[in-house]
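I have placed the structure first, in the form of structure tokens, so that the comments after it can refer back to it.
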Amino acid sequence: MNANRVKQILSSSADIEVKYNGTSIWIDQINDDGETATVHLRGPLEERTTVEIKELVEE
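In terms of our numbering, the sequence shown has 9 at position 9, counting the first letter as 1, and numbering is strictly consecutive.
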């Protein structure tokens, strides 16, 4: 995925499924470096982590 697509997903009201290492995640924000994003798992756990945007996959 690229930074422009992450921005589109963040601004969309649609429920767009994105996966990181095969696991469904929510994108919280794109980071200032433009190459990483803060994400968390879909579901009850709210633990956030920083990942490289290029590793995100839109389903």
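In this text, a Cβ means the ideal position worked out from N, Cα and C, and glycines have one as well.
For the alpha helix (DSSP H) that contains residue i, what are its first and last residues?
{"i": "Arg48", "result": "No alpha helix (DSSP H) contains Arg48, which is instead part of the beta strand (DSSP E) from Arg48 to Glu52."}
{"i": "Ala37", "result": "No alpha helix (DSSP H) holds Ala37; the beta strand (DSSP E) holding it covers Thr36 to Leu41."}
Less than 7 Å between C-beta atoms, sequence neighbours within five positions excluded: which residues of the same chain meet that for residue i?
{"i": "Asn2", "result": "Ile53"}
{"i": "Glu55", "result": "Tyr20"}
Which residues in the same chain as residue i place their Cβ atom closer than 8 Å to its Cβ, once the five residues preceding and following it in sequence are excluded?
{"i": "Glu17", "result": "Ser24, Glu58 and Glu59"}
{"i": "Glu62", "result": "The displayed coordinates of the chain run from 1 to 59. Any statement about residue 62 would go beyond what the structure contains."}
{"i": "Val6", "result": "Ile27, Ile30, Ala37, Ile53 and Leu56"}
{"i": "Glu35", "result": "Ala3, Glu52, Ile53 and Lys54"}
Compare the Cα-Cα distances from residue i to each of the options and report the closest residue.
{"i": "Val51", "options": "Ile9, Ser13, Asp33 and Gly43", "result": "Asp33"}
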